[in-house]
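Numbering of the sequence shown is given in the numbering used here, commencing with residue 1 and proceeding in unit increments. Backbone N, C-alpha and C fix where the C-beta goes; we use that ideal spot for every residue, glycine too.
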Amino acid sequence: MERKTRQHQAIFEVMVSAQHPLLAQEIWGLASTQVPQLSVATVYRQLKSLQDEGLIKAVVLPGQNPRYELASLAHHHHFQCRACERVFDLDACPGNLDRLAPSGFRVDDHELILYGRCSDCVSPPEARLAP
Ligand SMILES: [Zn+2]
Ligand SMILES: [Zn+2]
Numbered sequence: 001m002e003r004k005t006r007q008h009q010a011i012f013e014v015m016v017s018a019q020h021p022l023l024a025q026e027i028w029g030l031a032s033t034q035v036p037q038l039s040v041a042t043v044y045r046q047l048k049s050l051q052d053e054g055l056i057k058a059v060v061l062p063g064q065n066p067r068y069e070l071a072s073l074a075h076h077h078h079f080q081c082r083a084c085e086r087v088f089d090l091d092a093c094p095g096n097l098d099r100l101a102p103s104g105f106r107v108d109d110h111e112l113i114l115y116g117r118c119s120d121c122v123s124p125p126e127a128r129l130a131p
């Protein structure tokens with residue numbers, strides 16, 4: 001029980017300090033520095049339980065493994081870098097998108113994903129150092 005709580009806590013702390021959605025593998029990599037011998041299967045179990053508790057939610061980009069972020073975050077959108085495949089949070093939101101829907105339709109919610117290159121990948125360190 002003690003061990004289970006520690007795993008749970010370590011995984012939740014990884015989620016709290018993350019500035020962007022993380023894959024289970026990435027969570028495993030970060031949490032295993034706190035909990036040696038942490039298995040990926042345990043990470044999946046803990047993620048499921050944190051989801052059931054409403055503390056985290058899955059961020060699913062089409063055709064990709066789910067990433068996870070805190071459920072408490074305010075409405076926001078994501079940016080995926082096509083080079084390094086990391087997913088970042090965006091602050092901006094286009095707001096009410098009713099105008100995109102056919103007339104007579106009511107929009108309740110929207111999802112928006114931007115794709116491109118993150119600042120690291122737009123100008124890799126090697127390129128910046130080059131003469
Ligand atoms: Zn990148
Ligand atoms: Zn929005």
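Within the same chain, show all residues whose beta-carbon is closer than 7 Å to that of M1, passing over the 5 residues directly before and after it, in chain order. What you label residue 1 is simply residue 1 of the sequence shown in a count that begins at 1. Low confidence applies here, because M1 scores a pLDDT of 48, under 50, leaving its location unreliable; read the following figure in that light. Correct list: empty, nothing qualifies.
Report yes if the CB atom of V40 is closer than 7 Å to the CB atom of L30, and no otherwise. In the sequence shown, counting from the first residue as 1, residue 40 sits at position 40. In the sequence shown, counting from the first residue as 1, residue 30 sits at position 30. Contact: no.
Below 8 Å, can you find three or more Cβ-Cβ pairs linking the segment 93-103 to the segment 50-70? no
Nearer than 6 Å: is that true of the beta carbon of D89 relative to any heavy atom of ligand 1? By 1-based counting over the sequence shown, the position of residue 89 is 89. Answer for D89: no, Cβ out of range of ligand 1.
What is the rounded straight-line gap between the Cα of R67 and the Cα of V122? As a position in the sequence shown, residue 67 is number 67, starting the count at 1. As a position in the sequence shown, residue 122 is number 122, starting the count at 1. Near 23 Å, if we compare the C-alpha coordinates of V122 and R67.
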